[in-house]
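Here the structure is laid out as structure tokens; the discussion comes afterwards.
Number of protein chains: 2
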Amino acid sequence: MARTPTTFDVFNAVAEPRRREVLSVLASGESPVGDIVSTLGWPQPQVSKHLQVLHQVGLVTVRRQGRQRLYRINGPEIKPIYDWAATFERFWDHQLAAIKKRAEQKANFTIPPAGRSPGDAVNN
Amino acid sequence: MARTPTTFDVFNAVAEPRRREVLSVLASGESPVGDIVSTLGWPQPQVSKHLQVLHQVGLVTVRRQGRQRLYRINGPEIKPIYDWAATFERFWDHQLAAIKKRAEQKANFTIPPAGRSPGDAVNN
DNA sequence: TTGACATATTCCGATATGGGGATATAATTT
DNA sequence: AAATTATATCCCCATATCGGAATATGTCAA
């Protein structure tokens with residue numbers, strides 16, 4: 002098999018940075034494709050294609066108005082990501098506390114060695 | 002070009018559902034690879050490979066202990082996702098409020114027409 | 001009906017992926 | 001040193017992706 006398809010879920014759809022940019026533009030409100038194109042300065046087909054992906058996973062909504070298509074963010078679909086990340090909230094809160102504690106101990110008892118600080122992702 | 006590499010950023014690393022499963026396991030605390038393998042029941046190389054991706058983007062930290070490698074979640078790296086999603090918080094809050102408002106108006110003033118409700122992702 | 005405007009779709013090619021399986025590296029025990 | 005345990009790496013391949021460019025579809029106006 003290969004990588005999880007972009008339309009598999011919201012996480013995959015949003016992984017593409019360009020798609021997050023599109024969502025940023027739409028954060029200002031409902032907008033026709035043309036406006037997004039001129040705001041971002043990308044070729045129109047690219048914008049349309051990214052919008053299709055966002056639409057397939059439900060992150061945006063479309064509405065026709067004359068020859069335009071007005072896209073709008075579908076907020077609730079973003080919440081799962083928020084909720085998932087929130088699951089790990091204690092990991093950055095706790096870590097902050099731990100770092101603070103270590104900093105205090107160093108300041109009180111030792112002269113810090115000229116090495117890496119604990120918690121670094123080194124170790125290879 | 003092709004798709005954004007999985008090691009490009011945290012969003013791409015986490016897009017893979019299996020990788021989120023690995024993080025879930027690590028949420029219970031620091032763990033050697035073998036434990037993750039037996040918990041998830043996947044082939045060991047797969048687990049190692051996913052761990053490498055998570056490590057490259059900084060989502061986990063490694064520490065050697067004898068012949069084992071103990072992996073641990075690196076919380077702060079998850080926060081950017083949380084922060085990004087939080088940017089759109091108003092979109093699901095507002096939408097809730099709007100739905101509520103519409104429901105009240107319908108109940109008070111009209112007999113609802115047998116059509117779609119506004120905001121539907123239909124229109125194709 | 002012809003033309004202009006707005007958007008979507010198709011075809012192309014290079015690329016990184018993830019799983020499978022085999023094997024390499026590293027640390028420990030006997 | 002040899003065997004064992006723990007983990008990482010390598011090779012192979014089917015697949016979906018993204019951008020580019022061209023073109024199709026749809027809608028409105030004259």
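Respectively, the protein sequence lines represent chains R and P.
Residue numbers for the first sequence follow this note's numbering, so the first one is 2 and each next one is one higher.
Residue numbers for the second sequence follow this note's numbering, so the first one is 2 and each next one is one higher.
Think of the CB as a built atom: it goes at the ideal place given N, C-alpha and C, for glycine as much as any other residue.
All of these numbers come straight from a predicted model, not from anything done at the bench.
Next item on the list: Count the other C-beta atoms from every protein chain shown that fall within 10 angstroms of the C-beta of residue 76(R), then say buried if there are 16 or more, exposed otherwise.
Entry: Sequence index remark: in the first sequence, residue 76(R) carries index 75 (1-based). Buried: at least 16 other Cβ atoms inside 10 Å.
Next item on the list: Just the C-alpha distance for residue 68(R) and residue 45(R), rounded to the nearest angstrom, thanks.
Entry: In the first sequence, counting from the first residue as 1, residue 68(R) sits at position 67. In the first sequence, counting from the first residue as 1, residue 45(R) sits at position 44. When rounded, the distance between both Cα atoms is 15 Å.
Next item on the list: Could you have a look at residue 4(P) and say whether DSSP puts it in helix, strand or coil?
Entry: As a working mapping, residue 4(P) is identified with position 3 in the second sequence. The three-state secondary structure of residue 4(P), taken from DSSP, is coil.
Check: Can you name the residues of chain R whose CB is closer than 9 Å to the CB of residue 5(P)?
Finding: If you number the second sequence from 1, residue 5(P) lands on position 4. Taking a Cβ-Cβ threshold of 9 Å, the residues of chain R close to residue 5(P) are 16, 17, 18, 19, in chain order.
Item checked: Rounded separation between residue 89(P) and residue 66(P) - CA only -> Walking along the second sequence from the start, residue 89(P) turns up at place 88. Walking along the second sequence from the start, residue 66(P) turns up at place 65. Using only the alpha carbons, I get a separation of about 42 Å.
Notebook entry, point to check: If you draw a straight line from the alpha carbon of residue 33(P) to that of residue 61(P), how long is it in whole angstroms?
Noted result: Residue mapping note: residue 33(P) aligns to position 32 of the second sequence, counting from 1. Residue mapping note: residue 61(P) aligns to position 60 of the second sequence, counting from 1. Between residue 33(P) and residue 61(P), the C-alpha separation is close to 12 Å.
Check: Applying a beta-carbon distance threshold of less than 9 Å, which residues of chain R neighbour residue 50(P)?
Finding: Position 49 of the second sequence, counted from the first residue, corresponds to residue 50(P). Simply none; closest approach about 13 Å.
Check: Can a CB atom of chain R be found closer than 8 Å to the CB of residue 77(P)?
Finding: If you number the second sequence from 1, residue 77(P) lands on position 76. For residue 77(P), the closest Cβ of chain R is nearer than 8 Å.
Check: Where DSSP assigns a beta bridge to residue 40(P), which residues make up the other side?
Finding: Working through the second sequence from its first residue, we reach residue 40(P) at position 39. DSSP lists no partner for residue 40(P).
Next item on the list: Look at residue 93(P) and residue 80(R) and say whether their C-beta atoms are less than 8 Å apart.
Entry: By 1-based counting over the second sequence, the position of residue 93(P) is 92. By 1-based counting over the first sequence, the position of residue 80(R) is 79. Between residue 93(P) and residue 80(R), the CB-CB gap stays under 8 Å.
Notebook entry, point to check: Run through DSSP, which three-state label would residue 29(P) get?
Noted result: Stepping through the second sequence from its first residue, residue 29(P) is reached at position 28. If DSSP states are grouped into helix, strand and coil, residue 29(P) belongs with coil.
Notebook entry, point to check: Along the chain, where does the alpha helix (DSSP H) that runs through residue 15(R) open and close?
Noted result: For the purposes of this step, residue 15(R) is identified with residue 14 of the first sequence, where counting begins at 1. Segment 11 to 16, the alpha helix (DSSP H) holding residue 15(R).
Item checked: Own chain, CB closer than 8 Å to residue 21(P), minus 5 neighbours either side, in chain order -> Translated into the one-based positions of the second sequence, residue 21(P) becomes position 20. Beyond the five residues adjoining it in sequence on each side, residue 21(P) comes within less than 8 Å, by CB distance, of 15 in the same chain, given in chain order.
Notebook entry, point to check: When you check each C-beta in the segment 64 to 89 of chain P against every C-beta of chain R, which residues fall closer than 8 Å?
Noted result: Going along the segment 64 to 89 of chain P in chain order, one finds 64, 65, 74, 75, 76, 77, 79, 80, 82, 83, 85, 86, 87, 88, 89 with a Cβ nearer than 8 Å to chain R.
Item checked: Buried versus exposed, by CB contacts within 10 Å (16 or more), residue 56(R) -> Within the first sequence, the letter at position 55 stands for residue 56(R). Result: buried.
Next item on the list: Report all residues from its chain with a CB closer than 8 Å to the CB of residue 48(P); omit the five preceding and five following residues, and keep chain order.
Entry: Taking the second sequence and counting its residues from 1, the one referred to as residue 48(P) is at position 47. Non-local beta-carbon contacts of residue 48(P) in its own chain, meaning distances under 8 Å to residues more than five positions away in sequence, involve 23, 34, 37, 38, 41 in chain order.
Margin query: Less than 8 Å between the C-beta atoms of residue 7(R) and residue 17(R), yes or no?
Written below: Start at 1 with the first residue of the first sequence, and residue 7(R) comes out as number 6. Start at 1 with the first residue of the first sequence, and residue 17(R) comes out as number 16. Yes, the pair counts as a contact, with Cβ atoms nearer than the cut-off.
Item checked: Neighbour list for residue 93(P) in chain R, Cβ cutoff strictly below 8 Å -> As a first step, residue 93(P) must be located in the second sequence, where it is residue number 92. Those are 76, 77, 79, 80, listed as they occur along chain R.
Checklist line | Collapsed DSSP secondary structure at residue 68(R) in the structure displayed | finding: Within the first sequence, residue 68(R) is the residue found at index 67, counting from 1. Assignment of residue 68(R) by DSSP, reduced to helix, strand and coil, places it in the coil class.
Check: I think residue 52(R) touches residue 72(R), with their Cβ atoms under 8 Å apart; what is that distance to the nearest whole Å?
Finding: Indexing the first sequence from 1 puts residue 52(R) at position 51. Indexing the first sequence from 1 puts residue 72(R) at position 71. The Cβ separation is near 6 Å, so the contact holds.
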